[in-house]
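Heads up: the sequence shown runs through residues 26 to 386, numbered per our numbering.
Where a beta carbon is used, it is the ideal one built from N, C-alpha and C, also for glycine.
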Amino acid sequence: MTLYKGYQVKLREGLSALSKSSPYAVTTNLRADFPEFDALKKYLFVETDIERVFRKRIQSLEPNQILFLCGSSGDGKSEIMTRYNRQYSECIDFHLDATHSFHPKMTAIDTLDKVFSKHKENGRPLAVGINIGMLGNYAEEGSDQHDDIRQTIKKFLNTKKADQNNCFYLDFELFPKFDLSADVHTSDFLKQLLTKVTASTDDNPIFRMYKKEQGIGDTILCTNYQLLSITQVQDVIFDLLLKARLEKDQFITARSLLDFIHILLAGPGYIFDNLFSDSDNELGMKITDFDPCAIRSKNLDMFILQRQLGLPSEEFEQFSRDLLDYKINYARKKVTEYSLVRLFYLLKDLDFSNNFHRKFK
């Protein structure tokens with residue numbers, strides 16, 4: 026990846042494209058200044074169930090029909106809308122973001138009135154990306170001229186029935202990232218995303234940057250990437266996200282997941298500390314409640330005390346020496362006793378060294 030001729034993007038810079046604060050976090054109709062970041066987002070693309078349904082709807086949309094793509098901030102509406110706008114703009118009108126207006130003196134409601142008036146005049150199929158809150162606002166405050174559309178919105182919000190006359194509704198909330206069916210908890214989206222981020226192939230821009238960074242760059246960042254590439258570590262993180270979804274009723278969006286992965290890899294410390302540290306990521310804030318350091322047990326308390334007192338333990342020393350393979354050096358105090366407890370948790374399903382960490386499972 027190259028930002029400009031002669032400059033190679035470093036791993037930390039490349040990962041910044043995953044952050045919710047990155048200008049590349051939201052896809053718009055405007056091309057990015059640096060197409061390399063577009064290439065990274067294109068590589069990380071994972072088609073979701075809602076996009077598959079959206080594609081079928083778009084391809085069959087007829088004149089005078091409207092397709093609403095509804096959800097919340099960061100769920101991926103803009104990416105889907107932008108992608109299909111580029112493909113179908115010659116035959117379908119797209120209103121990419123219904124929270125915005127065309128003019129500073131116009132409200133978002135005014136803008137929707139104008140969009141619907143144009144739709145009724147030209148009869149072209151219309152696709153609208155809209156937050157569920159704005160959808161409700163329009164149902165109450167939209168022009169009487171478009172009362173027919175407002176009534177279909179009200180019916181959808183009350184019944185969640187997707188087909189309402191010539192209006193069709195797809196709601197992200199009805200396509201959750203986790204499948205919480207009876208005995209199976211899966212998320213193909215998350216697993217595919219983590220697989221793409223950590224794939225050890227030259228097709229993966231992140232892996233290419235990681236290889237260049239190894240040995241000469243950011244040691245902790247490289248260690249974090251190595252650890253995240255371990256399947257058993259991914260499974261532990263997956264289970265934590267599932268707990269956040271079930272116990273904390275946390276809605277999980279594509280943007281929050283990408284930002285969460287960015288924090289795990291490029292946060293201030295090692296991945297096992299980043300995982301349970303305070304952050305402004307909505308998923309991370311929920312996961313801090315599951316910090317293993319908050320769990321008291323005789324074994325853990327004894328381990329922490331022994332480390333604080335510097336008492337010898339050949340079993341731990343062997344484990345600590347083997348951690349150097351991952352450039353994790355407890356002796357340098359970059360890793361505290363509490364960091365080790367978190368590391369033990371992250372590696373709990375992995376056979377490593379003498380399996381000292383599994384004594385506390």
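DSSP puts residue i in a beta bridge; with which residues?
i              : result
leucine 151    : Ile91, Asp118
cysteine 192   : Ile91, Gln189
asparagine 156 : Gly96
Give the C-beta separation of residue i and residue j to the nearest angstrom, bearing in mind that I take them to be a contact with Cβ-Cβ under 8 Å.
i                 : j                : result
threonine 298     : serine 364       : It should be pointed out that residue 298 corresponds to aspartate in this sequence rather than to threonine. Indeed they touch by this definition, with Cβ atoms about 5 Å apart.
asparagine 190    : threonine 177    : 6 Å
leucine 195       : phenylalanine 93 : 7 Å
leucine 300       : arginine 367     : 7 Å
glutamine 257     : leucine 375      : 4 Å
glutamine 259     : leucine 219      : 5 Å
threonine 248     : isoleucine 353   : 6 Å
glutamine 343     : asparagine 379   : 5 Å
phenylalanine 385 : asparagine 324   : 6 Å
leucine 39        : methionine 234   : Checking the sequence, you will find glycine at residue 39 rather than leucine. Contact holds; Cβ gap of about 5 Å.
isoleucine 174    : proline 150      : Not a contact, Cβ separation roughly 14 Å.
proline 230       : alanine 64       : 7 Å
valine 71         : glutamine 239    : Going by Cβ atoms, the distance from valine 71 to glutamine 239 rounds to 26 Å, so no, they are not a contact pair.
Which of helix, strand or coil does DSSP assign to residue i?
i                 : result
aspartate 227     : coil
leucine 375       : coil
glutamine 239     : coil
lysine 386        : coil
leucine 305       : Here the sequence assigns aspartate to residue 305, which means leucine is not the residue at that position. Of the three classes helix, strand and coil, the one that applies to aspartate 305 here is coil, per DSSP.
alanine 57        : For alanine 57, the predicted model reports a pLDDT of 49, less than 50, meaning its position is unreliable; a value from the coordinates is still stated below. Note: alanine 57 maps to coil in three-state DSSP.
aspartate 183     : Reading off the sequence, residue 183 comes out as asparagine, not aspartate. Note: asparagine 183 maps to helix in three-state DSSP.
alanine 207       : Model confidence at alanine 207 stands at a pLDDT of 43, short of 50, so the residue's coordinates are unreliable and nothing is read from them.
aspartate 213     : helix
aspartate 138     : helix
serine 168        : coil
glycine 335       : coil
valine 78         : helix
lysine 35         : coil
proline 317       : helix
valine 360        : coil
valine 222        : helix
asparagine 380    : coil
valine 71         : coil
serine 41         : helix
phenylalanine 276 : coil
phenylalanine 200 : coil
leucine 365       : helix
serine 85         : helix
Comparing alpha-carbon positions, which option in the options lies nearest residue i?
i                 : options                        : result
valine 222        : Ser103, Gly154, Asp243, Asp284 : Asp284
lysine 186        : Ile262, Gly240, Lys145, Cys95  : Cys95
aspartate 347     : Phe381, Glu238, Glu104         : Phe381
glycine 292       : Thr177, Leu271, Asp243, Ile155 : Asp243
serine 98         : Lys67, Thr278, Glu238, Leu137  : Thr278
glycine 148       : Glu87, Phe200, Leu137          : Glu87
serine 304        : Ala319, His171, Ile286         : Ile286
arginine 80       : Ile320, Phe181, Lys66, Gln112  : Gln112
phenylalanine 181 : Arg82, Ala133, Leu199, Gln170  : Leu199
leucine 267       : Met234, Ile241, Asp228, Phe315 : Phe315
glutamate 166     : Ala269, Thr107, Asp135         : Asp135
asparagine 156    : Leu121, Lys139, Pro129         : Leu121
serine 142        : Asp264, Pro129, His171         : His171
threonine 73      : Asp213, Asp169, Lys359         : Asp213
lysine 359        : Ser322, Arg321, Tyr295         : Tyr295
glutamine 90      : Cys192, Ile241, Ile255, Glu362 : Cys192
phenylalanine 276 : Ile262, Asp350, Phe197, Phe263 : Phe197
isoleucine 75     : Ser44, Lys237, Pro201          : Pro201
arginine 280      : Ser46, Lys35, Leu36            : Ser46
glutamate 115     : Ile83, Thr132, Ser103          : Ile83
glycine 158       : Asp138, His144, Lys179, Lys145 : Lys179
isoleucine 245    : Ala224, Leu271, Ile288, Asp228 : Ile288
glutamine 333     : Glu362, Lys236, Ile262         : Glu362
alanine 224       : Ala152, Tyr250, Ile241, Arg77  : Tyr250
phenylalanine 62  : Val78, Lys35, Pro317, Ile312   : Lys35
glycine 309       : Asp350, Leu349, Phe263         : Phe263
Any heavy atom of the ligand MN within a distance shorter than 7 Å of the CB on residue i?
i                 : result
phenylalanine 328 : Ligands in the displayed structure: none, and consequently the ligand MN is not present.
On the DSSP letters alone, give me the boundaries of the beta strand (DSSP E) that residue i sits inside.
i                 : result
phenylalanine 344 : Phenylalanine 344 -> not in any beta strand (DSSP E); alpha helix (DSSP H) instead, spanning 339 to 348.
Start and end of the alpha helix (DSSP H) containing residue i?
i                : result
methionine 131   : Neither: methionine 131 is in no alpha helix (DSSP H) and is coded neither H nor E.
isoleucine 354   : The sequence given here has asparagine at residue 354, not isoleucine. Asparagine 354 -> no alpha helix (DSSP H), and no H or E assigned at all.
tyrosine 109     : 102 to 113
asparagine 249   : 244 to 253
isoleucine 288   : 279 to 291
aspartate 260    : 256 to 272
phenylalanine 25 : Because the chain spans 26 through 386 in this model, residue 25 falls outside it and cannot be assessed.
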